[in-house]
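Student: Please find one structure pasted underneath; my questions will follow.
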């Protein structure tokens, strides 16, 4: 596939389910930022799916949509084929067909790569086409890129983490509610966090598929997922969560891989998927619900961690489109395009943007006022805040300290920074306030 | 700079201090994995530093080392110049000299880029050379690559985090010990976590430099660090940490940038560096000591977080060498080299590696044994573990449940998986054990 100059790059989508719909949304809604970063456009030219009836709620103007997968793969307008069908056999055949016709391929199909990765990567290398699969591990988290490029200077010592959102959701809920596995799993299915047949998730197989891919990237090791001892979460009981807490641990389903190096440099791989106890204070222990996180330790960089949504329509689509952008850039390079822009955006798209005035920024805030311990002091403080337009959510008044000083602690309702500053000035002008007040913003949405 | 075939790529190091020494170590100690990933070698050909006397504890066989920076830049053997001098004026001049001579450049100097980035990136674009600066933000964390590539399909909504290790160390210690800022800062200086002149760190200037770079990458916005309202940690007092905890928060120095989009698509940037309260359960609240973490929210991917060492010899060197590898690959491409290998390693370097037998894996473990509540039961359980070679660290025996069952909870000393499995079998064979025992591994080093 040789691109010419800066022509548009054509994308064909095989499979128009949840993730496929997300990919269409990202390509459409974020077309501006995609071309500002690439310097050219990605064009969705064609979609194939057996179900051509269901309304996916996206506009398909200018996109050919039918059930002809072979036609899509062969279409000269299609430079990159995105496989979002899932499963093994058909997906494998379409991927190999596309590669043999010189098409680049992108997939989110970890099961396929865990089973047939060697064949697919071999064929792609032979045909000199790209294979993107960031979405296969950790959903939207750019963990594969981080291993491949960001940490490329390291001997990776271990890669481990919470690789499956369904099981992390179930474990989190079992711990929170004390309910049994079956009860929580049923609710997870009703809420769409678990599939009708949850076997792949709850038996740890999905996590093992992803761990096999991570092992290849981290250690340059061929290790198929059948080699990974795998235990799921079906035998977990609520009592163990409580006991774990008492010992200072939480229980998480982890995929774990470590590289053992013998004195003569021979490497062997320790790998397993199993429920494990992790210290309460660790970053991994705080990964709740359907979120994923992967910890990578390198000999130079030390421990690093990557956290985000491990599944779902838009997070997975984020990773698929990142792969499309990387491969599109590669295609353009053949025609004289350049590497990724160091500042992420093409120079001509970088513009001065207005700074939001701090006075306009809204948020809750903490105040600590050192006031004289005398009647009516709280009402004067509350009055000063009210005058400045700052609402009070809660107040704690402490016992008097030495010298008749009493700290008054206030959490405010969301207020503009300007109002908070006026409040601070008014407070510190009160007779009953003995020392400069302390104000610290609350950043809740993190 | 046009490479020919797969010749080695020459690296020149300007500045041989802590980070420079780390870069030499990574290039030497990890030469194997670097060339297994690149498909060719990186060669350190030359180092320049005013101090040519101090022993840095690394071998410099085959490396020219003198104080001639201009000579290094002009050396035809040097393809990539690494600027690790720090400061503004001299570093700027060397960077621009190198670029004007067609050399690619890599730097860890956030202060330089925050002040002179526009000039340097402009010159590099003009000269068609690469600029690597991953090490300038978040030390070894591949946060810039993640913004530039992994999240490239997103409108970034916010980027915020703990961007300075020194201040996070000081805040963590103030909270832990209840000691005053001055006391903790002095200890941080003695331990090497803070510099003799800590102004840049404790006043938030270093965080603002980094935030300015992140803003450029995340939003395509020109915003210099002088535009960022910046408040440090010098006015923090221990009492606020305790009160924050009571309200369910921790105090962290955050760099915060959010993109506001008006209805007509006009974008403006909210940015500041200031101490802020974050919810105890958030990932950021659990980032302790000298570690850094950056949270990026994208419209498709949702919240993601990147965690690791934000400074230090080897973590920073990890990022510098990752940049060297990326630029070296770019140079080779001109001579016919290929893109990054999808599996991170070159195909010929990917090998089957032995799987470590689970029986050999060592670790502490948790056992819950359901035993009959009768005299001597604990001694029989302890005996069964001892026979299997499993040492006991602690035991909790609960009150009897219905039916005379008593759960016995055991934390073991580190034991092999094989011994633990034998112990489990032996336990479950005991008359006094009424139901299958539960065993969960402890993964402490996360």
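Chains as they are written, first to last, in the numbering used here: chain A, 1026 to 1471; chain B, 1026 to 1471. Note that beta-carbon positions come from the ideal geometry of N, C-alpha and C, so glycine has one too.
Assuming residue 1155 of chain A and residue 1355 of chain A make a contact with CB atoms under 8 Å, what is their CB distance in whole Å?
Tutor: Contact holds; Cβ gap of about 6 Å.
Student: Could you tell me whether any non-hydrogen atom of the ligand ZN is closer than 7 Å to the CB of residue 1238 of chain A?
Tutor: The ligand ZN is not part of the structure shown, which contains no ligands of any sort.
Student: With DSSP as the reference, please indicate the residues paired to residue 1387 of chain A in a beta bridge.
Tutor: Beta-bridge pairing links residue 1387 of chain A to A/1441.
Student: Tell me, please, whether the CB atom of residue 1141 of chain B is closer than 8 Å to any CB atom in chain A?
Tutor: Taking Cβ atoms only, chain A never reaches closer than 8 Å to residue 1141 of chain B, which makes this a no.
Student: Measure from the alpha carbon of residue 1260 of chain A to the alpha carbon of each residue in A/1247, A/1148, A/1213 and A/1206, then state which is nearest.
Tutor: It is A/1206.
Student: Can you check which of these residues, B/1447, B/1167, B/1101 and B/1365, is closest to residue 1344 of chain B by C-alpha distance?
Tutor: Measuring from the Cα of residue 1344 of chain B, the nearest candidate turns out to be B/1167.
Student: Please list the segments of the beta strand (DSSP E) lying wholly inside the region 1321 to 1385 of chain A, counting only runs of 3 or more residues, in order along the chain.
Tutor: Runs found: 1327 to 1334.
Student: Short of 8 Å in beta carbon distance, which residues of its chain neighbour residue 1238 of chain A, apart from the five on each side in sequence? Order them along the chain.
Tutor: Correct list, in chain order: 1135, 1138, 1139, 1142, 1158, 1161, 1162 and 1169.
Student: Have a look at A/1118, A/1130, A/1033 and A/1164 and flag the residue whose alpha-carbon is nearest the alpha-carbon of residue 1047 of chain A.
Tutor: Of the candidates A/1118, A/1130, A/1033 and A/1164, the one whose C-alpha sits nearest the C-alpha of residue 1047 of chain A is A/1164.
Student: Rounded C-beta distance between residue 1396 of chain A and residue 1431 of chain A? I'm assuming under 8 Å.
Tutor: Contact holds; Cβ gap of about 6 Å.
Student: For residue 1197 of chain B, collect the residues of the same chain with a Cβ closer than 6 Å to its Cβ; drop the 5 residues on either side in sequence, then sort them by chain order.
Tutor: Around residue 1197 of chain B: 1313 and 1314.
Student: Okay, do the region 1086 to 1101 of chain A and the region 1209 to 1217 of chain B touch, 3+ Cβ pairs below 8 Å being the bar?
Tutor: The region 1086 to 1101 of chain A, when compared against the region 1209 to 1217 of chain B, does not touch it at the 8 Å Cβ threshold.
Student: So, is residue 1074 of chain A buried or exposed, given that buried needs 16 or more other C-beta atoms within 10 angstroms?
Tutor: Buried.
Student: Pick out the complete beta strand (DSSP E) segments inside the region 1044 to 1089 of chain A, 3 residues or longer, and give them in chain order.
Tutor: Segments of the beta strand (DSSP E) lying fully in the region 1044 to 1089 of chain A: 1067 to 1073.
Student: Please return the same chain residues whose Cβ sits closer than 7 Å to the Cβ of residue 1409 of chain A, not counting the five positions on each side in sequence.
Tutor: If we look at residue 1409 of chain A and ignore the five residues flanking it on each side, its Cβ neighbours are 1448, 1451, 1452 and 1455.
Student: Starting from the N-terminal side, write out each stretch of the alpha helix (DSSP H) that is 4 residues or longer and does not extend beyond the region 1218 to 1303 of chain B.
Tutor: The region 1218 to 1303 of chain B contains these whole alpha helix (DSSP H) runs: 1224 to 1227, 1230 to 1244 and 1263 to 1272.
Student: DSSP three-state call for residue 1156 of chain A: helix, strand or coil?
Tutor: Correct three-state label for residue 1156 of chain A: strand.
Student: The beta strand (DSSP E) that contains residue 1460 of chain A, what's its start and end?
Tutor: First-last of the beta strand (DSSP E) with residue 1460 of chain A: 1458 to 1467.
Student: Taking the alpha-carbon positions, what's the residue 1127 of chain B to residue 1152 of chain B distance?
Tutor: Taking the straight line from one Cα to the other gives about 6 Å.
Student: Say whether chain A places a C-beta atom closer than 8 Å to the C-beta of residue 1189 of chain B.
Tutor: By this cut-off, residue 1189 of chain B is not an interface position.
Student: What residue range is occupied by the uninterrupted beta strand (DSSP E) comprising residue 1419 of chain A?
Tutor: Element bounds for residue 1419 of chain A: 1417 to 1422.
Student: Pairing CB atoms from the region 1281 to 1292 of chain B with CB atoms from the region 1357 to 1371 of chain A, are three or more of them under 8 Å?
Tutor: Verdict: no, contact absent.
Student: Alpha carbon to alpha carbon, how far is residue 1332 of chain B from residue 1227 of chain A? Give it in angstroms, no decimals.
Tutor: Distance between the alpha carbons of residue 1227 of chain A and residue 1332 of chain B: 28 Å.
Student: Contact criterion: CB-CB distance below 8 Å. Does residue 1036 of chain A meet it with respect to chain B?
Tutor: Chain B, which has no Cβ nearer than 8 Å to the Cβ of residue 1036 of chain A, makes this no.
Student: Span of the alpha helix (DSSP H) holding residue 1480 of chain A?
Tutor: Any question about residue 1480 of chain A goes unanswered here, given that chain A covers just 1026 to 1471.
Student: Three or more beta-carbon pairs under 8 Å between the region 1182 to 1190 of chain A and the region 1319 to 1331 of chain A, yes or no?
Tutor: Judged by Cβ distances under 8 Å, the region 1182 to 1190 of chain A makes contact with the region 1319 to 1331 of chain A, as three or more pairs qualify.
Student: Establish whether the CB of residue 1439 of chain A and some CB of chain B are separated by less than 8 Å.
Tutor: No, its Cβ sits nowhere closer than 8 Å to a Cβ of chain B.
Student: What does residue 1334 of chain A reach in chain B if we use C-beta pairs closer than 9 Å?
Tutor: What residue 1334 of chain A touches in chain B: 1326, 1327, 1328 and 1329.
Student: Of all Cβ atoms in chain B, is any one closer than 8 Å to the Cβ of residue 1062 of chain A?
Tutor: True, the Cβ-Cβ gap to chain B drops below 8 Å.
Student: Using a Cβ-Cβ distance under 8 Å, would residue 1350 of chain A count as near chain B?
Tutor: Yes, residue 1350 of chain A lies at the interface with chain B (some Cβ there is under 8 Å from its Cβ).
Student: Could you give the distance in angstroms between the alpha-carbon of residue 1413 of chain B and the alpha-carbon of residue 1392 of chain B?
Tutor: So the alpha carbons of these two residues sit roughly 14 Å apart.
Student: Should residue 1234 of chain B be flagged as near chain A, meaning a C-beta pair shorter than 8 Å?
Tutor: With 8 Å as the cut-off, residue 1234 of chain B does not count as an interface residue toward chain A.
Student: Taking the straight line between their C-alpha atoms, what separation do you get for residue 1386 of chain A and residue 1102 of chain B?
Tutor: Using only the alpha carbons, I get a separation of about 52 Å.
Student: Mind checking residue 1192 of chain A: buried by the 16 CB within 10 Å criterion, or exposed?
Tutor: Residue 1192 of chain A should be labelled buried.
Student: Excluding the 5 residues flanking residue 1174 of chain A on each side, which residues of the same chain have their C-beta closer than 8 Å to its C-beta?
Tutor: So no residue of the chain qualifies.
Student: Where does residue 1258 of chain B land, buried or exposed, given buried means 16+ other C-beta within 10 angstroms?
Tutor: Burial call: buried.
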